[in-house]
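Trainee:
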Amino acid sequence: MVVYPVIALVRASLSRYSITGLYQGSVGAANYARLVEQEAFVPVVANTVMWVASIVAVTVFVSLGIAQLLNEDFAGRRLVRWALIVPWAASVIMTSKLFVWLYDYYFGLLNHLLTSAGLIAAPIDWLGNDATVMGAMVAVGIFVSVPFTTYVVLAGLAAIPGEMYEAARVDGASAWRAYRSVTLPLLRPALLVAVVLNVIYVFNSFPIVWTLNDRNPGFAHDTMITYMYKVAFKSSLRDVGLAAALGVVNVLLILIAVLVYLRTVSWREADG
Amino acid sequence: MRARARSVGRRAMLSGAGLALALVVLAPYVVMVCTALKPDGELRITPPRLTPIEWQPGNFRVVLGDPGFRAWLKASLIVALTSTLIVLLVGAPAAYYTARHRFRGRSAFLVLLLVTQMFSPTALVVGLYRQFFELGLVDTYAALILTNAAFNLAFAVWILRAFFAAIPREIEEAAAVDGCGRLRALVEIVLPLSVPALVTAAIFAFIAAWNEYIVALTLMTDPARKPLTVGITSYVTAYIQHWNYLFAASVIAIVPVVVLFAVIERHLVGGLTAGSVR
Chain A
97 MVVYPVIALV
107 RASLSRYSIT
117 GLYQGSVGAA
127 NYARLVEQEA
137 FVPVVANTVM
147 WVASIVAVTV
157 FVSLGIAQLL
167 NEDFAGRRLV
177 RWALIVPWAA
187 SVIMTSKLFV
197 WLYDYYFGLL
207 NHLLTSAGLI
217 AAPIDWLGND
227 ATVMGAMVAV
237 GIFVSVPFTT
247 YVVLAGLAAI
257 PGEMYEAARV
267 DGASAWRAYR
277 SVTLPLLRPA
287 LLVAVVLNVI
297 YVFNSFPIVW
307 TLNDRNPGFA
317 HDTMITYMYK
327 VAFKSSLRDV
337 GLAAALGVVN
347 VLLILIAVLV
357 YLRTVSWREA
367 DG
Chain B
31 MRARARSVGR
41 RAMLSGAGLA
51 LALVVLAPYV
61 VMVCTALKPD
71 GELRITPPRL
81 TPIEWQPGNF
91 RVVLGDPGFR
101 AWLKASLIVA
111 LTSTLIVLLV
121 GAPAAYYTAR
131 HRFRGRSAFL
141 VLLLVTQMFS
151 PTALVVGLYR
161 QFFELGLVDT
171 YAALILTNAA
181 FNLAFAVWIL
191 RAFFAAIPRE
201 IEEAAAVDGC
211 GRLRALVEIV
221 LPLSVPALVT
231 AAIFAFIAAW
241 NEYIVALTLM
251 TDPARKPLTV
261 GITSYVTAYI
271 QHWNYLFAAS
281 VIAIVPVVVL
291 FAVIERHLVG
301 GLTAGSVR
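Chain order of the listed sequences is A and B. Quick note: the first sequence uses our numbering, first residue 97, plus one each step. Quick note: the second sequence uses our numbering, first residue 31, plus one each step.
This is the structure we're talking about:
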């Protein structure tokens, strides 16, 4: 059931289809050649790099801080952990719609908040302006990625033996020094897992760009995933073969990330 | 004494930071709930307000009574429950077998599981569409059920396997001495011990299917068969903008899964990162 769609995808990438989806014969690698020639291809790849790199970098950085906080014992910690669950459990499409509403030019609370606080002089059309739409989408991407990442880092922190900190304290290390020389190095495995899994998840993310970039024509702000989807199902192109070729490229990129992941966790046979 | 006072101060500061964090995380969802409670006329006022002037909890009644919403809810329940059931029925024996037996290709099987775990249906959506198109299953619950079951199976096997492997063999061996067969041992001894892992796996599979979007968006064109994630977006289109209904429906869809997630909070990361972080 998981392998068959892969076969169907590869086969589709080597074929031509009518707009209604009827098979019109094999075309060899022509779809791949056409893919690279698409005017939108280079900007879409650049968007994808930007999308993945910025979300993963900021997410990991923010999650390190939040996990450190949640690793401490304080009143209300459970409450904070539960709060963090909400963006994780909620359907991303619903959260994306919510942000469309928050970013709204006239009626969105974000513009109201920022203008009232004097941070911006006039409302901004966050999702309609070429300069701001990617940033606005990245912010939502970070918002929904932080909870999972925080939990991975928390699991990593829990695995660090308390004696390590005591030893550092006995040696007279400051809190920051202890963090840098004890915590961070021991967190390395957890961080690598967090980075690689996030790269895969963020690359695969569809609903945020699909929803927030909805109003903008063309492919100027699409990632490889949303571009693939539009080519296959939405744009006037309805070009299943071309989309499938891009799909194969996407799958290969993810496969590379998975291999990196397997190496990172240094795959070992759990005894059973 | 001074050290203790400092520690009390430190903990108060941590609580403050925690509270601020919780507020930032929850703020968008507070807007969601407040908007869900606004009458139509209050959606488009400037300057925008957070809270409704006139609270209208009746929006939830309107949504729950909407035949469209009921159809989407029904579709979501059918797809999520059935695919979860399949995941458990297939996943538990597979996990048990790989945890208890060494067989040729076992590592390959486990690696394959991990790889499918990474391949979200998103990357394969064009292939999935071709597959169901050729099978004539476009616009059927069966297509969504099969897709969700297939893609959520890996994670369930992963969680269950770790748990089964931790159950001492001696318990089953003792049962065997008492004349208990393998299948009976699994059903009467291992499964009852594994309830927490089964619940975790089931909740994960349920939430993933409940929130699935792209395959449903692609395959389901009949409005009466769309699940919630796809259906509710029709409350806000270019022609009608019922943001209050959209968010009331979203709240109804989100609250149960947040509660379920809270139930399994402790196990959230364990499965995926098992063997690497721990």
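The C-beta atom is built at its ideal place from N, Cα and C for all residues, glycine as well.
(1) Just the chain A side, please: which residues come within less than 8 Å of B:Asn182 by C-beta, in chain order?
(2) Considering only C-alpha positions, which residue in the set B:Glu164, B:Ala231, B:Thr170, B:Ile83 is nearest to B:Ala192?
(3) Below 8 Å CB to CB, which residues in the same chain sit around A:Met260 once its five sequence neighbours on both sides are set aside?
(4) Just to confirm, is the Cβ distance from A:Ala104 to B:Gln161 under 8 Å?
(5) Hey, out of A:Ala149, A:Val141, A:Val106, whose CA is closest to A:Tyr297's CA?
(6) Does DSSP put B:Gly14 in a helix, a strand or coil?
(7) What does the alpha-carbon distance come out to for the pair A:Leu198 and A:Val266?
(8) If you check the beta carbons only, do A:Val336 and B:Val61 fall under 8 Å apart?
(9) In this structure, how does DSSP classify A:Ser212 when only helix, strand and coil are distinguished?
(10) Where does the unbroken alpha helix (DSSP H) through A:Gly258 begin, and where does it stop?
(11) Is the Cβ-Cβ distance between B:Trp273 and B:Thr81 less than 8 Å?
(12) Which of helix, strand or coil does DSSP assign to B:Arg313?
(13) What whole-angstrom Cβ distance do A:Arg173 and A:Leu180 have, given they're in contact under 8 Å?
(14) Within the chosen definition, does the stretch 310–317 of chain A reach the stretch 237–256 of chain B through at least 3 CB pairs nearer than 8 Å?
(15) With B:Ala327 and B:Val260 assumed to form a contact (beta carbons below 8 Å), what rounded beta-carbon distance in angstroms separates them?
(16) In this structure, does DSSP put A:Arg75 in helix, strand or coil?
(17) What's the call for A:Met324, buried or exposed, on a 16-neighbour Cβ count within 10 Å?
(18) So what does DSSP say about B:Ser37, is it helix, strand or coil?
(19) I'd like the list of long-range same chain contacts for B:Ile83, defined as Cβ closer than 7 Å, with 5 residues on each side in sequence excluded.
(20) Shortest alpha-carbon distance to A:Ile216 belongs to which of A:Leu206, A:Ile256, A:Gly224?
(21) Does any CB atom of chain A fall closer than 8 Å to the CB of B:Ile239?
(22) Note down, in chain order, each residue of its chain lying with its Cβ closer than 6 Å to the Cβ of A:Asp318, except the 5 sequence neighbours on either side.
(23) Run through chain A and tell me which residues come within less than 9 Å of B:Tyr243, C-beta to C-beta.
(24) Would you grab the beta carbon distance between B:Ile244 and B:Thr170 for me? Rounded to a whole angstrom, and I think it's under 8 Å.
(25) Taking the continuous beta strand (DSSP E) assigned at A:Tyr119, which residues delimit it?
(26) Helix, strand or coil for A:Tyr202? Go by DSSP, reduced to three states.
(27) Does the CB of A:Asn167 have a neighbour CB from chain B at under 8 Å?
(28) Would you check if the distance between the CB atom of B:Trp188 and the CB atom of B:Leu143 is smaller than 8 Å?
(29) Near A:Arg130, what residues of its chain come up, given a Cβ to Cβ distance below 8 Å and the 5 sequence neighbours on each side ignored?
(30) What does A:Tyr113 pair with, by DSSP beta-bridge criteria?
(31) Taking Cβ positions, are B:Ala292 and A:Trp178 nearer each other than 8 Å?
(32) DSSP on A:Arg364, reduced to helix/strand/coil?
(33) Could you pull out every residue in the same chain whose Cβ sits closer than 6 Å to the Cβ of A:Val327, ignoring the five residues on either side in sequence?
(34) Identify whether A:Gln134 lies in helix, strand or coil by the three-state DSSP scheme.
(35) Quick one: which residues of the stretch 59–92 of chain B get their C-beta closer than 9 Å to a C-beta of chain A? List them in chain order.
(36) Any idea what DSSP makes of B:Val93, helix, strand or coil?
Mentor: Result, derived from the coordinates:
(1) Locating residue 182 of chain B in the second sequence gives position 152, counting from the first residue. None at all; the shortest Cβ gap to chain A is about 11 Å.
(2) Taking the first residue of the second sequence as 1, we reach residue 192 of chain B at position 162. Among B:Glu164, B:Ala231, B:Thr170, B:Ile83, the Cα nearest to that of B:Ala192 belongs to B:Ala231.
(3) Taking the first residue of the first sequence as position 1, residue 260 of chain A is located at position 164. These residues qualify, in order along the chain: Val278, Leu282.
(4) In the first sequence, residue 104 of chain A corresponds to position 8, counting from 1. In the second sequence, residue 161 of chain B corresponds to position 131, counting from 1. In this structure, B:Gln161 lies closer than 8 Å to A:Ala104 by Cβ.
(5) Stepping through the first sequence from its first residue, residue 297 of chain A is reached at position 201. The shortest C-alpha separation from A:Tyr297 is found at A:Ala149.
(6) With chain B represented from 31 up to 308, any question about residue 14 of chain B goes unanswered, as that position is not in the structure.
(7) The residue given as residue 198 of chain A occupies position 102 in the first sequence. The residue given as residue 266 of chain A occupies position 170 in the first sequence. C-alpha separation (whole angstroms): 50 Å.
(8) As a first step, residue 336 of chain A must be located in the first sequence, where it is residue number 240. As a first step, residue 61 of chain B must be located in the second sequence, where it is residue number 31. Contact: no.
(9) Here residue 212 of chain A corresponds to residue number 116 of the first sequence, with the count starting at 1. A:Ser212 sits in a helix when the DSSP states are folded into three classes.
(10) Within the first sequence, residue 258 of chain A is the residue found at index 162, counting from 1. Where A:Gly258 is concerned, the enclosing alpha helix (DSSP H) stretches over 258–266.
(11) Counting from one through the second sequence, the residue named residue 273 of chain B turns up at place 243. Counting from one through the second sequence, the residue named residue 81 of chain B turns up at place 51. Taking 8 Å as the Cβ cut-off, B:Trp273 and B:Thr81 do not qualify as a contacting pair.
(12) Lying before the first or after the last residue shown, residue 313 of chain B is absent from chain B, which here runs from 31 to 308.
(13) The residue given as residue 173 of chain A occupies position 77 in the first sequence. The residue given as residue 180 of chain A occupies position 84 in the first sequence. The beta-carbon separation of A:Arg173 and A:Leu180, rounded to 11 Å, does not stay under the 8 Å limit for a contact.
(14) With contact defined as three or more Cβ pairs closer than 8 Å, the stretch 310–317 of chain A and the stretch 237–256 of chain B are not in contact.
(15) Coverage of chain B is limited to positions 31 through 308, which leaves residue 327 of chain B absent and any answer about it impossible.
(16) Residue 75 of chain A is absent from the model: chain A starts at 97 and stops at 368.
(17) As a first step, residue 324 of chain A is located in the first sequence; it is residue number 228 there, counting from the start. Classified as buried, A:Met324 has 16 or more neighbouring CB atoms from the shown chains inside 10 Å of its CB.
(18) Working through the second sequence from its first residue, we reach residue 37 of chain B at position 7. B:Ser37 falls in the helix class under three-state DSSP.
(19) Within the second sequence, the letter at position 53 stands for residue 83 of chain B. In the same chain as B:Ile83, and ignoring 5 residues on each side of it, the C-beta atoms closer than 7 Å to its own belong to Glu72, in chain order.
(20) Against the first sequence, residue 216 of chain A aligns to sequence position 120. If we check each option's Cα against that of A:Ile216, A:Leu206 comes out closest.
(21) On the second sequence, position 209 is the one that residue 239 of chain B refers to. Per the sequence presented here, residue 239 of chain B reads as Ala, with Ile not at that position. It does not: the Cβ of B:Ala239 has no partner Cβ on chain A nearer than 8 Å.
(22) In the first sequence, counting from the first residue as 1, residue 318 of chain A sits at position 222. For A:Asp318, where only same-chain residues beyond five positions count, the Cβ hits under 6 Å are Val140.
(23) Residue 243 of chain B sits at position 213 when you count from the first residue of the second sequence. Within chain A, the residues Ser187, Val188, Ile189, Phe302, Pro303, Trp306 have their CB atoms less than 9 Å from the CB of B:Tyr243, given in chain order.
(24) For the purposes of this step, residue 244 of chain B is identified with residue 214 of the second sequence, where counting begins at 1. For the purposes of this step, residue 170 of chain B is identified with residue 140 of the second sequence, where counting begins at 1. For a cut-off of 8 Å, the C-beta gap from B:Ile244 to B:Thr170 is around 17 Å, too long to register as a contact.
(25) Residue 119 of chain A sits at position 23 when you count from the first residue of the first sequence. Looking at the DSSP string, the run of the beta strand (DSSP E) that includes A:Tyr119 is 119–122.
(26) Start at 1 with the first residue of the first sequence, and residue 202 of chain A comes out as number 106. Correct three-state label for A:Tyr202: coil.
(27) Residue 167 of chain A sits at position 71 when you count from the first residue of the first sequence. No, no contact with chain B.
(28) Locating residue 188 of chain B in the second sequence gives position 158, counting from the first residue. Locating residue 143 of chain B in the second sequence gives position 113, counting from the first residue. Less than 8 Å separates the beta-carbon of B:Trp188 from that of B:Leu143.
(29) What you label residue 130 of chain A is simply residue 34 of the first sequence in a count that begins at 1. Excluding residues within five positions, the ones whose Cβ falls inside 8 Å are Leu338, Ala341.
(30) In the first sequence, counting from the first residue as 1, residue 113 of chain A sits at position 17. BP columns for A:Tyr113 point to A:Tyr119.
(31) For this step, residue 292 of chain B is matched to residue 262 along the second sequence. For this step, residue 178 of chain A is matched to residue 82 along the first sequence. Their beta carbons are under 8 Å apart, which means B:Ala292 touches A:Trp178 by this criterion.
(32) For this step, residue 364 of chain A is matched to residue 268 along the first sequence. Annotation note: pLDDT 44 at A:Arg364 (below 50); position unreliable, coordinate value reported separately. If DSSP states are grouped into helix, strand and coil, A:Arg364 belongs with coil.
(33) Along the first sequence, read from residue 1 onward, the residue named residue 327 of chain A stands at position 231. If we look at A:Val327 and ignore the five residues flanking it on each side, its Cβ neighbours are Leu333, Asp335, Leu338, Ala339.
(34) Position 38 of the first sequence, counting from 1, holds the residue named residue 134 of chain A. A:Gln134: coil per DSSP, three-state reduction.
(35) Listed in sequence order: Tyr59, Val61, Met62, Thr65, Leu73, Arg74, Ile75, Thr76, Pro77, Pro78, Arg79, Leu80.
(36) The residue labelled residue 93 of chain B in the question sits at position 63 within the second sequence. Helix, per DSSP.
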